[in-house]
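Peer 1: Residue numbers (mature numbering (1 follows the signal peptide of the UniProt record, and there is no 0)): -22 to -1, 1 to 441. We put the beta carbon where it would ideally sit given N, CA and C, even for glycine. Sharing a structure here in C-alpha cells format.
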C-alpha cells in the first residue's frame, strides 16, 4: 500500500497541539495528521518512476546546465549575469555560466540566465537581453547519439551556435561535426534538476500528461489508505494543493485538470473514517520559495505583492468549495515562504487578505506558515494576535543544513530533546497563538541508521 510505504520511509506528520483556544467542539485537539505529499502536488523524489516515460527526462524545466566549448576549453557565460552578450571565456563555471532550461518541446528550449533574461539572437551575436520570448530565443539542443552530454545548439535561423572566440559567440555555423575542434560542440554538465508539477506535466505534454496525472491521482492515495490511517490512530490528513486547482477543470498549461475532484474524494473518505482535513496551499503562482514542490518552473522565487490578489483568489476558491464540509479543520495560506525573497510586508498583506477570504465561508482554523531562512520565528505573532482561530506553522528537520552532517544517532536525538524542545518552547505561551508542527520526519542525515534508530528518533520528536 502506498501510504504504508510512505509512512515507513518518510514519517511526515503534522502535530496540532491542544489548547484552551479550541472553540470548535467538533475539532478535538491535538490532531495527528500525516502529510499526503506527492499526491496533488508532485515531488519527484518520492516516486521518480513517474518521470520515466518522458523523452529527454533529464532536460526538464528548471534544469540548470553549463556548457564547455570543446574547442576553446572555456564555458559559455552570460556576461554580467545577463543584459548583454554571451561569451565563452570562463575557465570555471559559477552563476553566470549556469543556464536554466524552459522546455518548449522534447528537444527545444529557452535558456534563462542569472538575471532572468533569455538567451537569443542579436545583431552583435548571441546575447541575453530579452525578458520576453519569441522564436529567436528558442534553441534545439542536439545531442550526440553515443554521448548525450555532447551537444550542439540549432538556432531559429537553422544554423548552429558557435564559439568563434572567447568574446564572440554567434549562431551562423552550418557544418556538422562532433570533433573537439568544432566550434559548435559543447560538453553539457547538469548541475541541478527539478521534478515538480510543472516539470512532469510539461515534460509529458498535453497529449500524455492528462492520463498520467489521472492514473496517479487514482492510485497513489485511495480510500483504503484513509481506512488504514484512521485505524492506526491518525485523526487528520494534511493535503498539499497547487494554485492551479482553482481553475479546474481547465487550468493554464501545462497543468492538468482534475485535482479538485481528487480533493473532493479525500474529504468524502476522511469523513467516512472520522478524519479531519487540513488543506495546504503548497504551490503558489510565481513560487514562494523556488523549490519543486512550489510548482516553480525554473527555481526562481518570484512571488511578490503583485501576486497577492490572485493567490487570495485561490484561497477563496478553497474556502468556498470546502468550507461547507464538516471535516475541514484548517486552511494553510502558504507553505514555506522563503526570506528574504518573500518580504514580511508582502506576506503580512497576503495573510490578512487570505484570512478575511476564509472567514467569509468558514470558521475553520487558518494556518500562517513561518518564513524559512533569515527570519524572526516570532515575526507573525503580532499579526496572529489580531485574528481568531489561527496557528503558526513551523517545520523541523535534522536535514538540509551542514550543522547536522556527521551527527551520531544519539546526537540527533539529543538535539531534539534539548535544542529543538527549547526552540519550540520559546514559541508557545499561554497567551500566544497556537503552534502547529506542520512537517517533521523520522529521517536524519545518516546512511547507516537502523530501523530501531529511526524509531528512537521519531519517538523523541513525538515526546
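(1) Quick test of your reading: residue 331 and residue 290, contact by CB under 8 Å. State the CB separation rounded to the nearest angstrom.
(2) Would you mind reading off the limits of the beta strand (DSSP E) that contains residue 103?
(3) Determine which residues share a DSSP beta bridge with residue 98 and list them.
(4) Check for me: the beta strand (DSSP E) holding residue 289 runs from which residue to which?
(5) Thinking C-alpha only, which one of 9, 299, 42 is nearest residue 338?
(6) Taking all protein chains shown into account, decide if residue 265 is buried (16 or more other Cβ within 10 angstroms of its Cβ) or exposed.
(7) For residue 148, list the residues DSSP reports as bridge partners.
(8) Do residue 307 and residue 258 have their C-beta atoms closer together than 7 Å?
(9) Which one of 46, 70, 118, 99 has the shortest CA to CA distance from residue 79?
(10) Pairs of beta-carbons, one from the region 161 to 173 and one from the region 116 to 131, closer than 8 Å: are there three or more?
(11) Measure the alpha-carbon distance for residue 261 versus residue 312 and round it to whole angstroms.
(12) Tell me the start and end of each unbroken alpha helix (DSSP H) in the region 312 to 342 that is at least 4 residues and wholly inside, in chain order.
(13) Kindly indicate which residue of 340, 342, 110, 326 has the alpha-carbon position closest to the one of residue 364.
(14) I need the DSSP call for residue 166, collapsed to helix, strand or coil.
(15) For a quick check, are the C-beta atoms of residue 136 and residue 92 less than 7 Å apart?
(16) Using only alpha-carbon positions, find the residue among 374, 361, 231, 304 that is nearest to residue 334.
(17) What is the residue span of the beta strand (DSSP E) that residue 122 lies within?
(18) Tell me the residue span of the alpha helix (DSSP H) that contains residue 359.
(19) Per DSSP, which one or two residues make a beta bridge with residue 257?
(20) Just how far apart, CA to CA, sit residue 85 and residue 431?
(21) Between which residues of its own chain and residue 156 is the CB-CB distance below 7 Å, once the five residues before and five after are set aside?
(22) DSSP state of residue 266, grouped into three classes?
(23) Would you mind giving the Cβ-Cβ distance between residue 105 and residue 64, rounded to the nearest angstrom? I have them listed as a contact below 8 Å.
(24) Determine which residues share a DSSP beta bridge with residue 372 and list them.
(25) Closest Cβ-Cβ distance between residue 23 and chain B: below 7 Å?
(26) Span of the beta strand (DSSP E) holding residue 127?
(27) Would residue 95 be called buried (16 or more neighbouring beta carbons within 10 Å of its own) or exposed?
(28) Whole angstroms is fine: what's the gap from residue 49's alpha carbon to residue 68's?
(29) Looking at C-beta atoms only, is the number of pairs between the region 269 to 288 and the region 188 to 205 that lie closer than 8 Å three or more?
(30) In whole angstroms, give me the CA-to-CA distance for residue 206 and residue 5.
(31) Grouping DSSP H, G and I as helix and E and B as strand, with all else coil, what is residue 345?
(32) To the nearest angstrom, how far is the alpha carbon of residue 7 from that of residue 124?
(33) Residue 11 and residue 215: beta carbons closer than 7 Å?
(34) Can you tell me the Cβ-Cβ gap for residue 416 and residue 371, rounded? I've got them flagged as a contact below 8 Å.
(35) Determine, using beta-carbon pairs with one atom in the region 271 to 283 and one in the region 237 to 246, whether at least three such pairs fall under 8 Å.
(36) First and last residue of the beta strand (DSSP E) that includes residue 171?
Peer 2: So, from the data block:
(1) Rounded to whole angstroms, the Cβ separation of residue 331 and residue 290 is 5 Å, and the two are in contact under 8 Å.
(2) Secondary structure note for residue 103: its beta strand (DSSP E) is the uninterrupted segment 103 to 108.
(3) For residue 98, the pairing in a beta bridge is given by DSSP as 105.
(4) First-last for residue 289: 286 to 300, but that is the alpha helix (DSSP H), not the beta strand (DSSP E).
(5) Of all alpha-carbon atoms in 9, 299, 42, the one lying nearest the alpha-carbon of residue 338 is that of 299.
(6) With a 10 Å radius around the Cβ and a threshold of 16 neighbouring Cβ atoms, residue 265 comes out buried.
(7) For residue 148, which the question treats as bridged, DSSP gives the partners 140.
(8) It is not a contact, given that the beta carbons lie outside the stated cut-off.
(9) Minimum Cα distance to residue 79 is reached at 118.
(10) At 8 Å Cβ cutoff, the stretches touch.
(11) Taking the straight line from one Cα to the other gives about 8 Å.
(12) The alpha helix (DSSP H) runs lying completely inside the region 312 to 342 and spanning 4 residues or more are 322 to 337, given in chain order.
(13) Minimum Cα-Cα distance from residue 364 among the listed residues 340, 342, 110, 326 corresponds to 326.
(14) In the three-state reduction of the DSSP assignment, residue 166 falls in the strand class, which pools E and B.
(15) By the CB criterion at 7 Å, residue 136 and residue 92 fall outside the cutoff.
(16) Of 374, 361, 231, 304, the smallest CA-CA separation from residue 334 is found for 361.
(17) In the DSSP annotation of this structure, the continuous segment of the beta strand (DSSP E) that includes residue 122 starts and ends at 117 to 122.
(18) Per DSSP, residue 359 belongs to the alpha helix (DSSP H) from 359 to 362.
(19) According to DSSP, residue 257 shares a beta bridge with 217, 309.
(20) Taking C-alpha positions only, residue 85 is separated from residue 431 by approximately 46 Å.
(21) The residues are 122, 128, 163.
(22) Coil at residue 266, not helix or strand.
(23) Contact holds; Cβ gap of about 6 Å.
(24) Looking at the DSSP assignment, residue 372 forms a beta bridge with 415.
(25) The structure shown contains no chain B, having only a single protein chain.
(26) Per DSSP, the continuous beta strand (DSSP E) segment holding residue 127 begins and ends at 125 to 132.
(27) Classification of residue 95: buried, given that the 10 Å Cβ count is 16 or more.
(28) If I take the Cα positions, the gap works out to 13 Å.
(29) Short answer: they don't touch.
(30) Straight-line Cα distance between these residues: approximately 21 Å.
(31) Under the three-state reduction of DSSP output, residue 345 falls in the strand class.
(32) Approximately 59 Å between the Cα atoms of the pair.
(33) Yes; because the gap between Cβ atoms is below 7 Å, this pair is in contact.
(34) About 4 Å separates the two Cβ atoms, so the contact holds.
(35) Counting Cβ pairs under 8 Å, fewer than three are found: no touch.
(36) From DSSP, residue 171 is part of no beta strand (DSSP E); its letter is neither H nor E.
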